[in-house]
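Line by line, the protein sequences are chains A and B. Residue numbering for the first sequence follows our numbering, beginning at 4 and increasing consecutively. Residue numbering for the second sequence follows our numbering, beginning at 335 and increasing consecutively.
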Amino acid sequence: MQYKSQSVSKLYFIAAIGLFVGQILFGLILGLQYVWGDFLFPEIPFNVARMVHTNLLIVWLLFGFMGSAYYIIPEESETELFSPLLAHLMFWIFLVAGAATVAAYLLVPYATLADITMNDLLPTMGREFLEQPTITKIGIVIVVLTFLFNIGMTVLKGKKTVVNLVLIMGLLGLAVFFLFSFYNPANLVMDKFWWWWVVHLWVEGVWELILGAILAFILIKITGVDREVIEKWLYIIIAMTLITGIIGTGHHYYWIGTPEYWQWWGSIFSAMEPIPFFLMVVYAFNMVNNRRKDHPNKAATLWALGTPVMAFLGAGVWGFMHTLAPVNFYTHGNQITAAHGHMAFYGAYVMIVLAMISYAMPILRGRVAANSKKSQNLEMWSFWLMTVSMVFITLFLTGAGILQTWLQRMPEAAQALDFMTTQDQIAIFFWMREVAGTTFFIGLIVYLISFFVGSSDEEATVK
Amino acid sequence: MNEMFTKAMARNIFYGGTLFFFLLFLGLTFDTMTVVPTRSNDNVIAKDANGKRTELGAQIVQGKKVWEDNNCVGCHTILGEGAYFAPELGNVYVRFGNSTDAIKAFIMSRPKNGIPGRRSMPQFNLSDADLEAVAQFLKWTSEIDTAGWPPNIKG
Ligand code: HEM
Ligand code: HEM
Ligand SMILES: [Fe+2]
Chain A
4 MQYKSQSVSK LYFIAAIGLF VGQILFGLIL GLQYVWGDFL FPEIPFNVAR
54 MVHTNLLIVW LLFGFMGSAY YIIPEESETE LFSPLLAHLM FWIFLVAGAA
104 TVAAYLLVPY ATLADITMND LLPTMGREFL EQPTITKIGI VIVVLTFLFN
154 IGMTVLKGKK TVVNLVLIMG LLGLAVFFLF SFYNPANLVM DKFWWWWVVH
204 LWVEGVWELI LGAILAFILI KITGVDREVI EKWLYIIIAM TLITGIIGTG
254 HHYYWIGTPE YWQWWGSIFS AMEPIPFFLM VVYAFNMVNN RRKDHPNKAA
304 TLWALGTPVM AFLGAGVWGF MHTLAPVNFY THGNQITAAH GHMAFYGAYV
354 MIVLAMISYA MPILRGRVAA NSKKSQNLEM WSFWLMTVSM VFITLFLTGA
404 GILQTWLQRM PEAAQALDFM TTQDQIAIFF WMREVAGTTF FIGLIVYLIS
454 FFVGSSDEEA TVK
Chain B
335 MNEMFTKAMA RNIFYGGTLF FFLLFLGLTF DTMTVVPTRS NDNVIAKDAN
385 GKRTELGAQI VQGKKVWEDN NCVGCHTILG EGAYFAPELG NVYVRFGNST
435 DAIKAFIMSR PKNGIPGRRS MPQFNLSDAD LEAVAQFLKW TSEIDTAGWP
485 PNIKG
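Below you can see the structure in the form of structure tokens.
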């Protein structure tokens, strides 16, 4: 560790991993409720478990992004963090607010929660991914703005690099677009239109800047390739992201009451959205193949190469599969969407955070550059277990989605099966998803164990 | 990568491209805002010159609130967005034979402890007013011009 204040990121990474475990446990509950309809009913209805699953995902990714920034920004700026105290303070506020919100989801009926948090004053609740009480949303804004202030001041007093700049632009964008979650028009169509300014412009916009910056940082560190080269790639990738991704928002405006011209704008631009992900694959492999040095942290290298590949598959390939309007007409809002959502989130954002943790955690725990061989081996096992499981989760949901389209959507009304009957017909795929989810969870346990083995062994070296 | 193509050029494409396409997006957004009201019968829920809604309009807006306060979107899709655990509700008014009464009866009749072995919907114990409101909201939603989606009545 080059700067003492980088150590705050350790706290953020530990919290991220803890919440990740919670997220997957609730994923398994959801998966079981899919096939065993009244499992845990009425104590934990499906919608409650789903909120916990998706909100924990978002929150732990935010912890991961913040932890990454607290590690990267001082090192790139070549100066200590502006205020480690503020970073600690915000950590605890965010953790307590997050935990309290999830506990409230589980302990009181959602309508009661809406009532006691006075949702009537400024109704923002009850929309997918934005279920948090308004007061929690305000808390998130305060935490994120304080965080931005902290890293912004650090950059101002230190060196300004492209990695820093792109990372900050991404995080600033994250904060700005989150503000649209406070706008909830009475007209459902308007509500949906602006809702996507949070969700789509996050994952297919500003978050990709964060992803690009973190990946660039890791590649600079582990390959020793000239930073000029990596920065040029980074600019091209994020340029393609926003050039295609902003208008690409139109792929959500086909069937929600918005004008039909979006079918053209959305299809054409979002069809090009895989390009930046493809470039990311080419560049990551290029940089590693042209490396100037060997880095002893093989596990981090694996995550850093795995991220672009899985992001390309999940976001690029699975996204493209259903993004053209004539296809989306039949697949909109069915299991294909769930398949894509899982692999894209995992490949792009889960994996980049795990890559960063893999690179930084050994150093944060006092190693020079890497964990022992034993620990790395276990971590690489967990990489494969989780990643292969996610591929299977995606494949099974895709199978379910294709059949659902075939049975429920394609036939004329008289022959088409209704929703619930269709779900019964494709239950086998949901069972298999649950099995793959269980192996994912095993992979996660192996991941946790990897932090505790070989700690007293000597550090791995380059050959 | 090619030496002729410099980092400064890449940076300029990023800033220029982002700005251009964001402005284009704003333009399309502006146009969309002018078209959505007619496609969604906004006049029914719009406030009049005195800032008041009709009784029906107020009911629909209240219905959206009931929808949100009970997190119906955590199990259902509405116009294809939400969760994929339970039936699409954007067109449930039509599927239930153009009847708000049928919708109300369905919601009211959910057993408190669920249906053994079957995916279950909670009993929300909605007041009569909230029940009517959410049914009117689903009726209004079914009348949005969704470019022909869903492909058939099953949703
Ligand atoms: C890392 C990047 C991405 C992530 C994390 C992501 C995630 C998601 C998620 C979670 C949804 C479901 C939203 C909902 O609940 O309604 C979704 C929908 C969708 N995504 Fe992505 N996505 C990414 C990139 C892409 C790309 C590059 C494309 C196109 C090439 C794409 C095309 C779509 C489409 C068309 C839908 C709508 C599906 C429907 O009609 O139901 N996505 N995405
Ligand atoms: C890191 C791993 C995971 C990530 C990133 C993830 C992400 C997500 C996301 C983004 C959604 C919302 C999907 C959408 O709206 O399209 C979701 C929903 C869901 N997830 Fe996961 N998930 C993960 C692991 C799991 C596991 C292991 C299981 C179960 C075996 C699972 C089961 C579910 C279920 C059943 C839903 C609800 C789908 C619905 O609405 O019907 N997830 N997850
Ligand atoms: Fe999108």
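Beta carbons are placed, not taken as given, at the ideal position from N, Cα and C, and that holds for glycine.
Residue burial classification, residue i (beta-carbon count within 10 angstroms, cutoff 16)
i	result
B:ASN435	Contrary to the premise, residue 435 of chain B reads as Asp rather than Asn in this sequence. Exposed, by the Cβ-count rule.
B:ASP319	Residue 319 of chain B lies beyond the stretch modelled for chain B, which goes from 335 to 489, so this question has no answer here.
B:MET367	exposed
A:ARG295	exposed
A:VAL209	buried
B:GLN451	Note that residue 451 of chain B is Gly in the sequence shown here, rather than Gln. With fewer than 16 Cβ atoms within 10 Å of its Cβ, B:GLY451 is classed as exposed.
B:SER461	exposed
A:ASN190	buried
B:PHE440	exposed
B:THR372	exposed
A:ALA341	buried
A:GLY253	buried
A:ASP2	Here chain A covers residues 4 to 466 and nothing more, so residue 2 of chain A does not appear.
A:GLN418	exposed
A:THR139	buried
Interface flag, residue i vs chain B, CB-CB below 8 Å
i	result
A:GLY173	no
A:ILE17	no
A:TYR349	no
A:TRP205	no
A:LEU92	no
A:ILE138	no
A:GLY260	yes
Where residue i falls: helix, strand or coil (DSSP)
i	result
A:ALA416	coil
B:ALA420	strand
A:ILE452	helix
A:GLU46	coil
A:HIS335	coil
B:THR411	strand
A:GLU134	coil
A:SER458	coil
A:SER375	strand
A:LYS7	helix
B:ALA481	coil
A:MET313	helix
B:ASN377	helix
A:TYR238	helix
A:THR326	coil
A:ASN153	helix
A:TRP39	coil
B:ALA436	helix
Chain E residues whose Cβ lies nearer than 9 Å to that of residue i
i	result
A:TYR6	Absence of chain E from the displayed structure is noted, the protein chains being A and B.
Cβ neighbours of residue i in the same chain (closer than 7 Å, five flanking residues each side left out)
i	result
A:VAL158	ILE76, SER80, ASN167 and ILE171
A:GLY215	VAL169, LEU237, ILE240 and ILE241
A:ILE429	ALA403, LEU406 and GLN407
B:GLU477	ASN375
A:ILE259	VAL192 and LYS195
Cβ-Cβ separation, residue j to residue i (assumed contact under 8 Å), whole Å
i	j	result
A:LYS377	A:VAL465	Not really, about 17 Å apart at Cβ, beyond 8 Å.
A:ALA307	A:ASN374	Between A:ASN374 and A:ALA307 the Cβ distance is about 15 Å, and since that is not below 8 Å, they are no contact.
A:GLY67	A:MET359	7 Å
A:VAL73	A:ALA90	The identity of residue 73 of chain A in the sequence shown is Tyr, whereas the question assumes Val. Sure, about 6 Å apart at Cβ, within 8 Å.
A:VAL146	A:MET93	5 Å
Minimum Cβ-Cβ distance from residue i to chain A less than 8 Å
i	result
B:LYS473	no
B:PHE440	no
B:THR547	No information on residue 547 of chain B is available, as it lies outside the stretch 335 to 489 that chain B covers here.
B:THR411	yes
B:ALA469	no
B:ILE437	no
B:LEU423	no
B:PHE430	no
B:LYS386	no
B:GLY416	yes
B:ALA344	yes
Own chain partners of residue i with C-beta closer than 6 Å, once the 5 adjacent residues on each side are dropped
i	result
A:TYR6	PRO77 and GLU83
A:SER361	ALA302, ALA303 and TRP306
Residues of its chain near residue i, where Cβ-Cβ distance is below 8 Å and the 5 sequence neighbours each way are ignored
i	result
A:VAL284	PRO311, VAL312 and PHE315
B:ALA380	PRO371, ARG387 and GLY391
beta-carbon residue i near ligand 5 non-hydrogen atom, thresh 7 Å
i	result
B:HIS410	By its list of ligands, the structure shown excludes ligand 5, since it contains just ligand 1, ligand 2 and ligand 3.
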